[in-house]
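Chemist:
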Amino acid sequence: MEKTSKLLTKIILLIAALMTARVVVWFFEQRAHEKEYWLIFAHVIPFLLVILVGAAAAIFIKNLAFRLFKTYVAEKGPQKDDLS
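Per this note's numbering, residue 12 is the first one in the sequence shown, and the count goes up by one each step.
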């Protein structure tokens, strides 16, 4: 279960990194069109904040879900087969 948790964290971080890279590419595309820096940053900074907060929230929810699942399994204890 620990490996699954780490894998999901890496997938979330990969998606956040790809979205961040896309924002950086968009920044250079806009700069190539001779747009003002303040106008570009007015869009780039909120995009980056949303990506950062979204990744943090996704990791927090994932950790919470795994913690709840782990306590549920621990409380349930070992199960016996009815067929034996």
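Even for Gly, the Cβ is constructed at its ideal location relative to N, Cα and C.
Please report the straight-line C-alpha distance between MET97 and LYS46, rounded to a whole angstrom.
Modeler: The structure shown does not extend to residue 97, since the chain is modelled only from 12 to 95, so the question has no answer here.
Chemist: Would you call the CB atoms of VAL34 and ILE62 closer than 9 Å?
Modeler: Within the sequence shown, numbered from 1, the residue matching residue 34 stands at position 23. Within the sequence shown, numbered from 1, the residue matching residue 62 stands at position 51. Yes, they are a contact pair.
Chemist: What whole-angstrom Cβ distance do ILE23 and ALA69 have, given they're in contact under 8 Å?
Modeler: Here residue 23 corresponds to residue number 12 of the sequence shown, with the count starting at 1. Here residue 69 corresponds to residue number 58 of the sequence shown, with the count starting at 1. Right, the Cβ-Cβ distance comes to about 5 Å (below 8 Å), so this counts as a contact.
Chemist: Quick check: what's the CA-CA separation for LEU19 versus LYS81?
Modeler: Indexing the sequence shown from 1 puts residue 19 at position 8. Indexing the sequence shown from 1 puts residue 81 at position 70. Rounded to whole angstroms, LEU19 to LYS81 spans 16 Å at the Cα level.
Chemist: Is the CB-CB distance between ALA66 and ILE26 below 9 Å?
Modeler: Translated into positions along the sequence shown, residue 66 becomes position 55. Translated into positions along the sequence shown, residue 26 becomes position 15. Yes, the Cβ-Cβ distance between ALA66 and ILE26 is below 9 Å.
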